[in-house]
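For the sequence shown, counting from 1, position 15 maps to 467 in this note's numbering; every step adds exactly one. Glycine included, C-beta positions come from ideal geometry on N, C-alpha and C. No experiment lies behind these values; they were computed from the predicted model shown. In what follows, a single structure is set out as structure tokens and then discussed.
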Amino acid sequence: MNAATITQAQDTRSRGAFEAIRNFAEQLFAAHGGWLAARKARASQASYAVTERADRAELFAMAADAEKHSPNLAAELRWLANR
453 MNAATITQAQ
463 DTRSRGAFEA
473 IRNFAEQLFA
483 AHGGWLAARK
493 ARASQASYAV
503 TERADRAELF
513 AMAADAEKHS
523 PNLAAELRWL
533 ANR
């Protein structure tokens, strides 16, 4: 059903029932945080993944710089980045 069907209900009992159902659905939606709660969760996960990738890239860059003077340090940095 769409909003037009609900508002154009001919029977007053049906209109009252549709209104009660819609109010309940709106309250339930608001109680669960609506769309914003899901967006915040996805945004925090996405920002965490971006930060993690940036940190790994930084460790790999440090390993490349350390390769000349300390191959063991470079190996350790690569190992940390791959964890």
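Nearest-angstrom beta carbon gap, residue j and residue i [assumed within contact, 8 Å]
i	j	result
L529	A515	4 Å
Given residue i as reference, the closest of the options once Cα atoms are compared
i	options	result
A533	G468, V502, F512	F512
E504	R535, R467, G468, R474	R535
Sub-9 Å separation of residue i and residue j beta-carbons
i	j	result
A506	A518	no
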